[in-house]
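*Asks:* After the structure tokens below, expect a handful of questions from me.
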Ligand code: SAH
């Protein structure tokens, strides 16, 4: 059956994993001419990341029609790296057209979290980031973002309680698909992951931050700041030429005022670029002036990318930077490094696989 289905992949078929349960019901009844209860069965299987061949209570005639008219965009695990230190698993996920992205499964005391990708590549151009080195090939569909989580919870046999959109790609540059994904993944009969346990990370697309604030989705907004001065930030992150720090912080304030959700900032420490006490002081003053509302700074130690010249700081430096920020009244922590033994930093596994294909 699996082989059969592979031969029948219809790239133009309806993207059933991107459908809500009621959209799927309409599709099953109107397009396939099948009874409504089949939609509920199919929906349940898809949320578990099951291939069609394993959907035991669906008759062969139904599966045949399904394969002719639908495209089930469930990713396949192309590579799987397990950390010996803490059980973190890094996946290379292959989409139906062969595009690959990365996803990571992480175990924290408060539950299991998956880091998902939302685009094949990225066009934001942050200088220290591996995901953007070859630009963006395409956006991922809602199904392909959701599918990463379904496949991982099937692979690990564990419930996923939280999601961070911090993999490859810029979620707000794939806005509509990100919103649909958030609705799908939090659906009660779907994976039912609480929106409050989902972080959407952005390099700072200001109009989209304001739009997101108005969606009524209580997700955590994570903003990649990485520098407290416009000149430095622009040299690290080209997006800052379009939307400067003042404008960005004002959008963050708007996000808090509209949603009541505390914003968090990511600040990757890069040796000699943004890691001095002077930088910490500037950061503290910019945040206190610009935000005047609850927020949190996540300090990240750079994952070195061989194609760039940037160098990471030592742990002691990160701790000292953190202490300095806290002493100025800013809420900050150094992010624990999970899976450091498999940490080809984000985007590097994908780069390696695309080089091998060429
Ligand atoms: N496009 C989103 C999500 C990207 S990845 C964003 O920019 O926020 C999540 C975080 O990892 C971002 O803060 C990003 O700037 C940071 N990051 C990218 N490359 C990194 C590297 N090599 N080392 C450490 N952090 C990195």
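In the numbering used here, the protein residues as written are 26 to 383.
For every residue, glycine included, the Cβ atom is placed at its ideal position computed from N, Cα and C.
Can you tell me whether DSSP reads residue 290 as helix, strand or coil?
*Replies:* In the structure shown, residue 290 sits in a strand (DSSP, three-state: E or B).
*Asks:* Keeping to the same chain, check which residues put their C-beta closer than 6 angstroms to that of residue 253; ignore five residues upstream and five downstream.
*Replies:* Excluding residues within five positions, the ones whose Cβ falls inside 6 angstroms are 307, 308 and 311.
*Asks:* Looking only at its chain, what residues have a beta carbon closer than 8 angstroms to the beta carbon of residue 35, apart from the 5 residues adjacent to it on each side?
*Replies:* The residues are 92, 93, 94, 95 and 96.
*Asks:* Considering only residues of the same chain and omitting the five flanking positions on each side of residue 28, which have a CB-CB separation below 7 angstroms?
*Replies:* With a pLDDT of 40 at residue 28, under the threshold of 50, the modelled position of this residue cannot be trusted; read the value that follows with caution. Excluding positions up to five away in sequence, the list is empty.
*Asks:* Quick check: is any heavy atom of ligand 1 less than 7 angstroms from the C-beta of residue 364?
*Replies:* No; taking the cut-off as 7 angstroms, the Cβ of residue 364 has no heavy atom of ligand 1 nearer than that.
*Asks:* From the DSSP output, which residues share a beta bridge with residue 140?
*Replies:* According to DSSP, residue 140 bridges with 129 and 189.
*Asks:* Run through DSSP, which three-state label would residue 38 get?
*Replies:* Residue 38: coil per DSSP, three-state reduction.
*Asks:* State the start and end residues of the unbroken beta strand (DSSP E) segment that holds residue 324.
*Replies:* Run containing residue 324: 320-326, per the beta strand (DSSP E) assignment.
*Asks:* Output the distance between the C-alpha atoms of residue 164 and residue 209, rounded to the nearest integer angstrom.
*Replies:* Cα-Cα distance, rounded: 17 angstroms.
*Asks:* Confirm the yes/no value for this check: CB of residue 153, any heavy atom of ligand 1, distance under 7 angstroms.
*Replies:* Flag set: Cβ of residue 153 near ligand 1.
*Asks:* Assuming residue 203 is part of the alpha helix (DSSP H), what are its boundary residues?
*Replies:* Per DSSP, residue 203 belongs to the alpha helix (DSSP H) from 200-210.
*Asks:* Which residues mark the beginning and the end of the beta strand (DSSP E) in which residue 358 is found?
*Replies:* Its beta strand (DSSP E) spans residues 357-359.
*Asks:* Mapping the DSSP letters down to three states, classify residue 82 as helix, strand or coil.
*Replies:* Of the three classes helix, strand and coil, the one that applies to residue 82 here is coil, per DSSP.
*Asks:* Cβ of residue 325 versus every heavy atom of ligand 1: is any distance shorter than 7 angstroms?
*Replies:* Correct: residue 325 has its Cβ closer than 7 angstroms to ligand 1.
*Asks:* Candidates 293, 44, 205 and 50: which alpha carbon is nearest residue 228's?
*Replies:* Residue 293 is the option with its Cα nearest to residue 228.
*Asks:* Have a look at 301, 120, 98 and 157 and flag the residue whose alpha-carbon is nearest the alpha-carbon of residue 263.
*Replies:* Ranking 301, 120, 98 and 157 by Cα distance to residue 263 puts 157 first.
*Asks:* Look at the alpha carbon of residue 176 and the alpha carbon of residue 221, and state the distance between them as a whole number of angstroms.
*Replies:* Approximately 22 angstroms, taken between the alpha carbons.
*Asks:* Using the Cβ count rule (16 or more neighbours within 10 Å means buried), how would you classify residue 31?
*Replies:* In this prediction, residue 31 has a pLDDT of 49, which is less than 50 and means its spatial position is unreliable; what the coordinates show is noted afterwards. Flag for residue 31 reads exposed.
*Asks:* Taking 8 angstroms as the CB-CB cut-off, is residue 308 touching chain C?
*Replies:* Among the chains in the structure shown there is no chain C, since it carries only a single protein chain.
*Asks:* DSSP state of residue 164, grouped into three classes?
*Replies:* Reduced to three states, the DSSP call for residue 164 is strand.
*Asks:* Residues in the same chain with beta-carbon distance under 6 angstroms from residue 259, minus the five sequence neighbours each way, listed in chain order, please.
*Replies:* 265 and 266.
*Asks:* With DSSP as the reference, label residue 28 as helix, strand or coil.
*Replies:* Caution is warranted here: a pLDDT of 40 is assigned to residue 28, below 50, making its placement in the model unreliable, and no coordinate value can be reported.
*Asks:* Using 10 angstroms around the beta-carbon of residue 183, count the other beta-carbons present and answer buried if the total reaches 16, otherwise exposed.
*Replies:* Residue 183 should be labelled exposed.
*Asks:* Apart from the five residues just before and just after residue 40, which ones in its own chain have a Cβ nearer than 7 angstroms to its Cβ?
*Replies:* Hits under 7 angstroms: 96, 98, 166 and 168.
*Asks:* In this structure, does DSSP put residue 115 in helix, strand or coil?
*Replies:* DSSP places residue 115 in strand when its eight states are reduced to three.
*Asks:* If we call anything under 8 angstroms between Cβ atoms a contact, is residue 173 one with residue 100?
*Replies:* Closer than 8 angstroms, so yes.
*Asks:* Thinking C-beta only, is residue 115 closer than 8 angstroms to residue 126?
*Replies:* In this structure, residue 115 does not lie closer than 8 angstroms to residue 126 by Cβ.
*Asks:* What do you reckon, is the C-beta of residue 118 under 7 angstroms from a heavy atom of ligand 1?
*Replies:* Not under cutoff, so the answer is no.
*Asks:* Check whether the stretch 190-205 and the stretch 61-81 touch, using three or more Cβ-Cβ pairs below 8 angstroms as the test.
*Replies:* Judged by Cβ distances under 8 angstroms, the stretch 190-205 makes no contact with the stretch 61-81, as fewer than three pairs qualify.
*Asks:* Starting from residue 102, trace the beta strand (DSSP E) both ways and give me its first and last residue.
*Replies:* 101-107 is the extent of the beta strand (DSSP E) around residue 102.
*Asks:* Using a threshold of 8 angstroms, state whether the C-beta atoms of residue 186 and residue 223 are closer than that.
*Replies:* Cβ distance not < 8 angstroms, so residue 186 and residue 223 don't count as in contact.
*Asks:* Throw me the rounded Cβ distance for the residue 42 and residue 171 pair, which I believe falls under 8 angstroms.
*Replies:* Indeed they touch by this definition, with Cβ atoms about 6 angstroms apart.
*Asks:* For residue 272, is the beta carbon positioned less than 7 angstroms from some heavy atom of ligand 1?
*Replies:* Residue 272: no, Cβ never under 7 angstroms from ligand 1.
*Asks:* In angstroms, rounded to a whole number, what distance separates the CA positions of residue 26 and residue 90?
*Replies:* Annotation note: pLDDT 40 at residue 26 (below 50); position unreliable, no value reported.
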